[in-house]
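Down below is the structure, laid out as structure tokens.
Put into structure tokens, the structure is as follows:
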């Protein structure tokens, strides 16, 4: 083996061992494994680890805030909105009962325009036809 090649191999040797040594160091310094309840001491007390611990504490506080908002604000608002929607729904159908029957109502020319029949049913009813609300008499002239 030539001298330059041997020198290159020896120079590369520490570089190969650095990643594993670095990984071991990072494992030791990980914020999850910090002794003393999360307080940084010794070589672990550096700017990077302090910032990482601060971010972790901030994330915990923020997630706690949003959990509380979801439980104590959103859930009651949904309940109140549901009660309001239920009351409006009932009022709507109470007013509907006072209207004349569907057959006696005026059918305006712009309602129920059919240029060709639908390919389902009798061809007169749309896909979302509701017998309680919709009425169309083909023979009735407006």
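In UniProt numbering, the protein residues as written are 1 to 142.
The C-beta atom is built at its ideal place from N, Cα and C for all residues, glycine as well.
Is residue i helix, strand or coil by DSSP?
{"i": "residue 87", "result": "helix"}
{"i": "residue 122", "result": "coil"}
{"i": "residue 94", "result": "helix"}
{"i": "residue 113", "result": "coil"}
{"i": "residue 69", "result": "helix"}
{"i": "residue 105", "result": "coil"}
{"i": "residue 58", "result": "helix"}
{"i": "residue 163", "result": "For residue 163 there is no data in the structure shown, the boundaries of the chain being 1 and 142."}
With distances taken between CB atoms, is the gap from residue i to residue j smaller than 8 Å?
{"i": "residue 112", "j": "residue 136", "result": "yes"}
{"i": "residue 60", "j": "residue 40", "result": "no"}
Taking just the CA atoms, how far does residue j sit from residue i?
{"i": "residue 115", "j": "residue 62", "result": "59 Å"}
{"i": "residue 133", "j": "residue 83", "result": "24 Å"}
{"i": "residue 97", "j": "residue 91", "result": "10 Å"}
{"i": "residue 55", "j": "residue 93", "result": "54 Å"}
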